[in-house]
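Structure first, then comments.
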Amino acid sequence: MLSGDAFVESRTAEVTLQEAEPAAVDLLLSHMYGGAIDVPLPLVPQLYGLADQYQVRSDLAGQLLAWLAAARLVPGALCGMLPAAHRLCARACEASLYAQAAAALGQVCRLPGFACWPLELVQAVARRAPFGEALGAVAAWMKAHEQRQQEEEQTYQQRPQKDAQPPEQQRQERQQEGVAAEEACDQGEQEQGSRPHDDERRRERLDCWRRERLDCWRQLLGSFDSSKATLEDLRGVRQLLGEGGGGSSSAGSPVGGGSGGSGGFGDGGGGEVPGLREWLLDAYDGLCGRQQLQLEGRRVRTPQPR
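Heads up: the sequence shown begins at 1 in UniProt numbering, then just goes up one per residue.
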């Protein structure tokens, strides 16, 4: 016989649903026991995920999927629901929700919840949106992402401030708390010895943050097809470059990038977004090629004077 905890659920008739909203579980159970349910919009993806995962015999999953694919949602509802739908209801997103969000991206990107979207969702919507709106939304998302990272770093840097106090002040504080001065001195020496390790961990965190940021930019730039960019699109890129780099983009250079500054396309580390120069050069090359074909076509159609 086997013993242990492997059959706890079968003995106790208890089932644990990981990462499931209690309200969605209640709705699923009510439906399974024959009750009529009224599903709030934010819980539709969660309920669909549960019904699909546990293969509910009724057509609940199919009905929810069809409803999601056919629903026409306002920007606020899309912004709040899409992260869960992206994770649980890929078919409904591909059928309708991504396109709806792309059509309203100019409004969606201004909502607070947009900053919490995962990178893959931003890409999926951006590649379906008009170029100018997609570019502005991507820049807004990256700016919010960078601000969150900077806030986390500031919080992390504030932690050792108390440890960096002079040993005498540390001893006085510990004496007030009823701790012996000798123990406080020993503790202060240990903390002094740990500071180099704290600095090293801080540098590692900053390096990891920079790598993550550059990787995000590479993936987001991959959402845009440079061969279809228009002159207005490229002017929008140059404008964002100027905003991100403190107005340092050159009017005479299509790839004059920003540096030093945060937000837009500027790199807080003093460099440019990786791959952006190449993307812009490809875009300008494609634009020139299309214009050349148009000019050649006009020459062919224009009758020559006799």
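Think of the CB as a built atom: it goes at the ideal place given N, C-alpha and C, for glycine as much as any other residue. Since the structure is predicted, the reported quantities are computational estimates derived from the model, not experimental observations.
Helix, strand or coil at residue i according to DSSP, with G and I counted as helix
{"i": "Gly34", "result": "coil"}
{"i": "Gly286", "result": "helix"}
{"i": "Tyr98", "result": "helix"}
{"i": "Gln291", "result": "helix"}
{"i": "Trp117", "result": "coil"}
{"i": "Leu93", "result": "Per the sequence presented here, residue 93 reads as Cys, with Leu not at that position. Cys93 falls in the helix class under three-state DSSP."}
{"i": "Pro130", "result": "coil"}
{"i": "Gly136", "result": "helix"}
{"i": "Pro40", "result": "coil"}
{"i": "Arg148", "result": "helix"}
Beta carbon of residue i nearer than 8 Å to that of residue j
{"i": "Leu78", "j": "Val108", "result": "yes"}
{"i": "Leu119", "j": "Cys208", "result": "no"}
{"i": "Tyr48", "j": "Leu65", "result": "yes"}
{"i": "Leu82", "j": "Leu68", "result": "no"}
{"i": "Gly275", "j": "Leu221", "result": "yes"}
{"i": "Gly286", "j": "Ser227", "result": "yes"}
{"i": "Leu280", "j": "Val237", "result": "yes"}
Residue i to residue j span [Cα, whole Å]
{"i": "Ala137", "j": "Val25", "result": "35 Å"}
{"i": "Leu135", "j": "Leu105", "result": "10 Å"}
{"i": "Pro40", "j": "Gln46", "result": "11 Å"}
{"i": "Ala36", "j": "Glu200", "result": "58 Å"}
{"i": "Glu232", "j": "Gln123", "result": "21 Å"}
{"i": "Arg202", "j": "Glu153", "result": "8 Å"}
{"i": "Gly62", "j": "Leu293", "result": "49 Å"}
{"i": "His86", "j": "Thr230", "result": "30 Å"}
{"i": "Val56", "j": "Cys93", "result": "22 Å"}
{"i": "Asp38", "j": "Ala20", "result": "18 Å"}
{"i": "Arg72", "j": "Ala103", "result": "12 Å"}
{"i": "Leu295", "j": "Gly132", "result": "26 Å"}
{"i": "Arg235", "j": "His145", "result": "24 Å"}
{"i": "Asp225", "j": "Pro130", "result": "11 Å"}
{"i": "Arg205", "j": "Pro75", "result": "35 Å"}
Whole-number beta carbon distance between residue j and residue i, since they are thought to touch under 8 Å
{"i": "Arg51", "j": "Leu60", "result": "For the record, residue 51 in the displayed sequence is Ala; it is not Arg. Indeed, because the Cβ distance is near 4 Å, the residues count as touching under 8 Å."}
{"i": "Trp141", "j": "Ala99", "result": "About 19 Å separates the two Cβ atoms, so there is no contact after all."}
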